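Student:
2 protein chains.
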Amino acid sequence: MTHHAINLKEKLSLFSEHWQPKVIAELNDYQFKLAKLKGEFVWHSHPETDEAFMIIRGQLRIELRDGYVDLKEGDLYVVPRGVEHRPVALEEVQVMLIEPKGIVNTGDANEQDLTAENEVWI
Amino acid sequence: MTHHAINLKEKLSLFSEHWQPKVIAELNDYQFKLAKLKGEFVWHSHPETDEAFMIIRGQLRIELRDGYVDLKEGDLYVVPRGVEHRPVALEEVQVMLIEPKGIVNTGDANEQDLTAENEVWI
Chain L
19 MTHHAINLKE
29 KLSLFSEHWQ
39 PKVIAELNDY
49 QFKLAKLKGE
59 FVWHSHPETD
69 EAFMIIRGQL
79 RIELRDGYVD
89 LKEGDLYVVP
99 RGVEHRPVAL
109 EEVQVMLIEP
119 KGIVNTGDAN
129 EQDLTAENEV
139 WI
Chain A
19 MTHHAINLKE
29 KLSLFSEHWQ
39 PKVIAELNDY
49 QFKLAKLKGE
59 FVWHSHPETD
69 EAFMIIRGQL
79 RIELRDGYVD
89 LKEGDLYVVP
99 RGVEHRPVAL
109 EEVQVMLIEP
119 KGIVNTGDAN
129 EQDLTAENEV
139 WI
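Protein chains in written order, with the numbering used here: chain L, 19 to 140; chain A, 19 to 140.
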């Protein structure tokens with residue numbers, strides 16, 4: 019019996035919309051999600067959890083209230099719980115997010131228009 | 019204030035030993051670890067947790083009691099909790115592991131010689 023790997027670039031080729039994370043795997047009560055980001059997101063924080071960003075392709079700036087972090091392909095960054103942040107991508111960036119199941123992408127921001135549906139698998 | 023990304027390849031250049039995972043980041047009570055693997059590991063399982071493998075460079079076969087999974091660069095695979103597995107790498111492979119803090123690399127196998135020290139950060 020052959021088991022199957024999950025190839026990140028293959029999964030990323032299956033969708034094109036921005037700011038709509040797709041679940042690709044679970045690790046206990048955590049999820050791996052892929053997303054394509056472009057433009058400026060909303061300032062928000064996740065009071066209940068850290069959030070990991072891994073850059074698969076492109077560049078992402080995460081603005082923080084006291085500065086920023088610039089991420090490129092192969093970079094990992096963990097936004098600590100409760101820390102306000104705003105992802106900004108001048109060009110499209112492809113990222114993997116790792117966070118507990120059920121986390122809302124807009125966190126504590128009151129931005130229903132930007133809030134993505136959860137539990138969308140590809 | 020500029021915050022700093024964690025670059026996986028840069029971190030991987032800092033060590034050369036095999037089967038000795040190094041912690042690079044924490045996400046709540048989980049850790050991201052980098053490891054270089056070569057050869058055959060021991061059959062083991064982690065009765066208390068799933069374990070994620072992400073391939074940064076090279077190829078890895080994970081043998082399972084009912085088959086195997088072949089992983090190449092950019093692949094992700096989650097070994098479910100309690101599932102016996104044995105990583106095998108003909109040539110060196112560079113991987114990122116994601117799992118809860120404190121997990122012993124040899125799991126339930128009684129193999130002290132192969133058991134790596136935990137909480138080694140790079």
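No residue lacks a Cβ here, since even glycine has one placed at the ideal position from N, Cα and C.
Quick caveat: nothing in here was measured; it's all calculated off a predicted structure.
(1) Is Ile-24/A close to chain L, meaning its C-beta is less than 8 Å from at least one C-beta of that chain?
(2) Once you ignore the five residues that flank Leu-82/L on each side, which residues in its own chain have a CB closer than 6 Å to its CB?
(3) Which residue's Cα is closest to the Cα of Ala-17/A: Ala-53/A, Leu-45/A, Ile-42/A and Thr-20/A?
(4) Kindly confirm or deny that the segment 37-57 of chain A and the segment 23-41 of chain L touch, where touching means at least three C-beta pairs closer than 8 Å.
(5) Do you know offhand how far Ser-34/A's Cα is from Asp-131/L's?
(6) In terms of alpha-carbon separation, which member of Thr-133/A, Asp-68/A and Tyr-95/A lies closest to His-22/L?
(7) Counting only C-beta atoms, is Gly-92/L closer than 8 Å to chain A at any point?
(8) Secondary structure at Leu-32/L, three-state DSSP: helix, strand or coil?
(9) Along chain A, in chain order, which residues have C-beta atoms closer than 8 Å to that of Asp-68/L?
(10) Take Ile-73/A as the anchor and find which of Asp-84/A, Lys-51/A, Pro-118/A and Glu-137/A has the nearest alpha-carbon.
(11) Would a check of beta-carbon distances place Gly-76/A closer than 8 Å to chain L?
(12) Got a sec, what are the start and stop residues for the beta strand (DSSP E) Leu-132/A sits in?
(13) Taking CB distances under 8 Å as the criterion, tell me whether Leu-82/L reaches chain A.
(14) So the candidates are Asp-93/L, Gly-57/L and Trp-61/L; which of them puts its Cα closest to the Cα of Asp-126/L?
(15) Roughly how far, in whole angstroms, is the beta-carbon of Glu-117/A from the beta-carbon of Thr-67/A, given that I think they are within contact range, below 8 Å?
(16) For a test of the three-state rule: what should DSSP assign to Lys-119/A, helix, strand or coil?
(17) Return the bridge partner residues of Gln-49/A from the DSSP annotation.
(18) Just how far apart, CA to CA, sit Ser-31/A and Glu-110/L?
(19) Based on Cα-Cα distance, which residue from Lys-29/A, Ala-70/A, Lys-27/A and Gly-92/A lies nearest to Pro-98/A?
(20) Which residue or residues does DSSP assign as beta-bridge partners of His-103/L?
(21) Taking Val-138/L as the query, report the chain A residues whose CB atoms sit under 7 Å from its CB, ordered along the chain.
(22) Could you tell me the distance, in whole angstroms, from the CA atom of Leu-89/A to the CA atom of Pro-105/A?
(23) Anything in chain L within Cβ reach of Leu-89/A, meaning under 8 Å, just list it in chain order.
(24) Which term fits Val-113/L, buried or exposed, when burial requires 16 or more other beta carbons within 10 angstroms of its beta carbon?
Tutor: Let me lay it out:
(1) Any Cβ of chain L closer than 8 Å to the Cβ of Ile-24/A would place that residue at the interface, and such an atom is present.
(2) Non-local beta-carbon contacts of Leu-82/L in its own chain, meaning distances under 6 Å to residues more than five positions away in sequence, involve His-103 in chain order.
(3) With chain A covering 19 to 140 only, the question about residue 17/A has no answer from this structure.
(4) Short answer: they don't touch.
(5) Rounded to the nearest whole angstrom, the CA to CA distance from Ser-34/A to Asp-131/L is 48 Å.
(6) For His-22/L, the closest alpha carbon among the candidates Thr-133/A, Asp-68/A and Tyr-95/A is that of Tyr-95/A.
(7) With 8 Å as the cut-off, Gly-92/L counts as an interface residue toward chain A.
(8) Three-state result, Leu-32/L: coil.
(9) Within 8 Å Cβ-Cβ: Glu-44, Leu-45 and Asn-46.
(10) Among Asp-84/A, Lys-51/A, Pro-118/A and Glu-137/A, the Cα nearest to that of Ile-73/A belongs to Lys-51/A.
(11) At a cut-off of 8 Å between beta-carbon atoms, Gly-76/A makes no contact with chain L.
(12) Secondary structure note for Leu-132/A: it is in no beta strand (DSSP E), with a DSSP letter that is neither H nor E.
(13) Leu-82/L counts as touching chain A.
(14) For Asp-126/L, the closest C-alpha among the options Asp-93/L, Gly-57/L and Trp-61/L is that of Trp-61/L.
(15) Yes, they are in contact, since the Cβ atoms of Glu-117/A and Thr-67/A sit about 6 Å apart, within 8 Å.
(16) Lys-119/A carries a coil assignment under DSSP once its states are collapsed to helix, strand and coil.
(17) Per the DSSP secondary-structure output, Gln-49/A pairs in a beta bridge with Glu-44/A and Glu-117/A.
(18) Using only the alpha carbons, I get a separation of about 28 Å.
(19) Closest in C-alpha terms to Pro-98/A, from the list Lys-29/A, Ala-70/A, Lys-27/A and Gly-92/A, comes Ala-70/A.
(20) His-103/L has His-62/L and Leu-82/L as its beta-bridge partners, per DSSP.
(21) The contacting residues do not exist; Val-138/L stays about 17 Å from chain A at best.
(22) One Cα belongs to Leu-89/A, the other to Pro-105/A, and the distance between them is close to 10 Å.
(23) Here the neighbours are Ala-23.
(24) Classification of Val-113/L: buried, given that the 10 Å Cβ count is 16 or more.
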